[in-house]
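K.L.:
Just remember that this note's numbering sits 410 ahead of the position in the sequence shown, which is counted from 1. C-beta atoms are modelled at their ideal positions from N, C-alpha and C, and glycine is treated no differently. This structure is in structure tokens; I'll ask about it shortly.
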Amino acid sequence: KNCPMISNKNRTTLLFAICLFPLLAVSQSAHKSLRKGDAQYKDGRYSDAETAYRKADSEQSSVKSAYNLGNTLMKQNRYDEAITKYDDAAAKTNSDSQKANIYFNQGNAYYNKKEYQQSIESYKKALRHQSEDATIKENLALARLALRKQQLEQQKQQNKDNNKENDQNKDQNQQENSQQNQDQNQQKDQNQQKDQKDQNQNNSKDQAQSQNKKLSESEARKLLEIMDNEEKKVQQKLRRTDGGNKRVKK
């Protein structure tokens, strides 16, 4: 018999022995643990069911123990562990219907983790074993839509981050340009101050040289006046000397 499908989002129906293989395929002890786990799972006691399925899996590992353990982990939102157990279960069977159920639930685990690309791959594996299953096709379509939406959101966030980075770079460039202009203006002011200082020094030097030049001319005039006075004195003396000497008549 085929196991029933319960929803378009999660095929977590337990794989009882009648669905997968004869009861004689497992040991008596493992069978007892599996039956106990099934009852606890139906009651919603997933932690207890997990313990029972782990015991059955350790006593005699089978597709049923691995698959149902994966389902209890799914119910506890422990998706990574469930995915691993579904891989274990798939490796233990060649049945198309069993593999379809296993990969379908694995796809659901990936979907719940928002790992939509991996979810799509698991649904595709399920379809390889039940190509006409409408529920698998529906979940595959949902996963593809979710992946597209995720990619668009990521692109939107990337664009937002890029714009933010561009704005930060723009602000940084403006600050650098402002600082550069400030430095240039400061350097210009310093150069102007230096030029003004040099000009003042040159003016002072020229003024000193001009004063020195005027002083030299003044001294020269005074010297000329002294020389003129001395010359006048000499001439006056000579005149007095000539006037005092009388000529002898012949």
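Going by C-alpha distance, which of Asn481, Glu635, Tyr496 and Thr503 is nearest Arg455?
P.N.:
Asn481
K.L.:
State the Cα-Cα distance for the pair Tyr373 and Tyr521, rounded to the nearest angstrom.
P.N.:
Nothing about residue 373 can be read from this structure; the chain reaches only from 411 to 660.
K.L.:
Kindly indicate which three-state DSSP category Thr461 falls into: helix, strand or coil?
P.N.:
helix
K.L.:
Use the C-beta contact count for Lys643: other C-beta atoms within 10 angstroms, 16 or more gives buried, fewer gives exposed.
P.N.:
Exposed, because fewer than 16 other Cβ atoms sit within 10 Å of the Cβ of Lys643.
K.L.:
Between Asp458 and Gln582, what straight-line distance do the alpha-carbon atoms span, to the nearest angstrom?
P.N.:
Here the alpha carbon of Asp458 sits roughly 60 angstroms from the alpha carbon of Gln582.
K.L.:
Given this structure, state the Cα-to-Cα distance separating Leu552 from Lys474, to the nearest angstrom.
P.N.:
28 angstroms
K.L.:
Straight-line CA distance for Tyr533 to Ser437?
P.N.:
32 angstroms
K.L.:
At the level of alpha carbons, what is the spacing between Leu430 and Leu537?
P.N.:
With a pLDDT of 29 at Leu430, under the threshold of 50, the modelled position of this residue cannot be trusted; read the value that follows with caution. So the two alpha carbons sit approximately 19 angstroms from each other.
K.L.:
Could you check if Asn518 is buried or exposed, using at least 16 other CB atoms within 10 Å of its CB as the buried criterion?
P.N.:
So Asn518 ends up on the buried side.
K.L.:
Can you give the beta carbon distance from Tyr526 to Leu557, rounded, assuming they're within the 8 angstroms contact cut?
P.N.:
Taking C-beta atoms under 8 angstroms as the contact rule, Tyr526 and Leu557 qualify, at a distance of about 4 angstroms.
K.L.:
Identify every run of the beta strand (DSSP E) within the stretch 557 to 606, keeping only runs that are complete inside it and at least 3 residues long; order them along the chain.
P.N.:
Within the stretch 557 to 606, no complete beta strand (DSSP E) run reaches 3 residues.
K.L.:
What is the DSSP secondary structure of Thr503, reduced to helix, strand or coil?
P.N.:
It is coil, neither helix nor strand.
K.L.:
Once you ignore the five residues that flank Lys446 on each side, which residues in its own chain have a CB closer than 7 angstroms to its CB?
P.N.:
Ala462
K.L.:
When burial is assigned at 16 or more other CB atoms within 10 Å of the CB, is Ile636 buried or exposed?
P.N.:
exposed
K.L.:
Taking buried to mean at least 16 other C-beta atoms within 10 Å of its own C-beta, is Lys580 buried or exposed?
P.N.:
exposed
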